[in-house]
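Residue numbers (my numbering): 222 to 572.
Here a beta-carbon is modelled for each residue, glycine too, at the ideal position from N, C-alpha and C.
Structure below.
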């Protein structure tokens, strides 16, 4: 495991069926496809040879269409599903080596999970729901109620502790679900499409709330979504799955500017590049500009390499001077109007 990695999984397979090991052996030996495995073994390949790592404090989004394997994959991290093959390591712990009791303790202390359906207990108050992980941990009642109340304040539901789930809106119930996952102060949060059942306006508000909380709590988070716009807003990095396999992992900018294949290119085709692409991805070498167009003007505009495409376009609307890109005060590249137009129209990096 690398120094910064909290989660590291290697060559994970999940095959559903009566003979998963036979099916896996046939895949390795004969190169069977997913369809051929289904036909020969009546088995479904849910996850196929996936490896990835998630860094400390990172929001790592896993996305794909329905049936891509993203939710199946995340359930292996805390062994809600047992993999057919592969290695899973979290905070230096070999999760596959844990027996029943150590695994239960590991789940309770290390991992919090937020589901798409809120899964609140209707007979418990909001405060009791949030305190449940601490109750399982056998924390004294006064202390667990104090900690639960503190978490409710963080998610701005402190005044609702005595209410029951049916008295809350869907968005409020999901915030209670998030508070419950945070109550035990886990190292890792697993969030399986937590906002997808909500109305668009409420979903966006909860995305904003989650981004705010992430900056405060700095939890390592694996966030499952089928919504690329949501992944771009929330994720530090994005992984795209298809048919159980990992197709591409990278920042939103990496994936938009350099899709790994036609599937990814189609997937990101509708994403606006204005907030995703930054100056360093658009710029060309200064020497190339000088060779083609001569010396840069003395009053050249200057921006940081992290400036967004949206801001660059705004700058170029009324000013046709080239834009000099800097990294820590050092000139590293140059951008022209033509470069910006080419990036918007083609969605590809300037060569």
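The beta carbons of residue 478 and residue 554 sit about 15 Å from each other, so the pair does not count as a contact at 8 Å. At a Cβ-Cβ threshold of 8 Å, residue 299 and residue 227 do not count as neighbours. Here the stretch 227-243 makes contact with the stretch 259-274; the two share three or more CB pairs at distances below 8 Å. DSSP, reduced to helix, strand and coil, places residue 365 within a helical segment of the structure shown. Annotated three-state conformation of residue 516 is coil, per DSSP. Taking a C-beta distance under 8 Å as the contact criterion, residue 470 and residue 486 do not qualify as a contact pair.
The Cβ atoms of residue 446 and residue 414 lie closer than 8 Å to each other. In the DSSP assignment, residue 327 falls within the alpha helix (DSSP H) that extends over 321-331. Between residue 464 and residue 255 a beta carbon distance of about 6 Å is seen, short of the 8 Å cut, so the two are scored as contacting.
Per DSSP, the continuous alpha helix (DSSP H) segment holding residue 393 begins and ends at 391-404. Every beta strand (DSSP E) stretch that sits fully inside the stretch 465-546 and reaches 3 residues is listed by chain position as 466-471 and 522-525. About 5 Å separates the beta carbons of residue 347 and residue 382, which is inside the 8 Å limit, making them a contact pair.
The residues 343, in chain order, have a CB closer than 7 Å to that of residue 387 in the same chain once the five nearest residues on each side in sequence are set aside. DSSP links residue 410 through a beta bridge to 333 and 442. Three or more beta-carbon pairs separated by less than 8 Å are not found between the stretch 313-328 and the stretch 366-382, which leaves the two stretches without contact. With at least 16 other beta carbons inside 10 angstroms of its own, residue 396 counts as buried. In the three-state reduction of the DSSP assignment, residue 246 falls in the helix class. DSSP, reduced to helix, strand and coil, places residue 458 within a strand of the structure shown. Residue burial annotation: residue 390 is exposed, with fewer than 16 other C-beta atoms found within 10 angstroms of its C-beta.
Going by DSSP, residue 281 is part of the beta strand (DSSP E) stretching over 280-284. Beta-bridge annotation (DSSP): residue 554 is paired with 546. In this structure, residue 295 sits near residue 411, with a CB-CB distance shorter than 8 Å. Boundaries for residue 388: no alpha helix (DSSP H) harbours it, and the DSSP string shows neither H nor E there.
Assignment of beta-bridge partners to residue 234 by DSSP yields 306.
Between residue 339 and residue 394, the CB-CB gap stays under 8 Å. Membership of residue 292 in the alpha helix (DSSP H) is indicated by the continuous run 291-295. CA-CA distance, residue 438 to residue 455, rounds to 15 Å. Distance check between residue 522 and each of 544, 324 and 362 places 544 closest, using alpha-carbon atoms only. Under the DSSP assignment, residue 259 falls in the alpha helix (DSSP H) whose first and last residues are 255-262. For residue 420, no alpha helix (DSSP H) encloses it, and the DSSP letter there is neither H nor E.
In the DSSP annotation of this structure, residue 316 is not part of any beta strand (DSSP E), being labelled neither H nor E.
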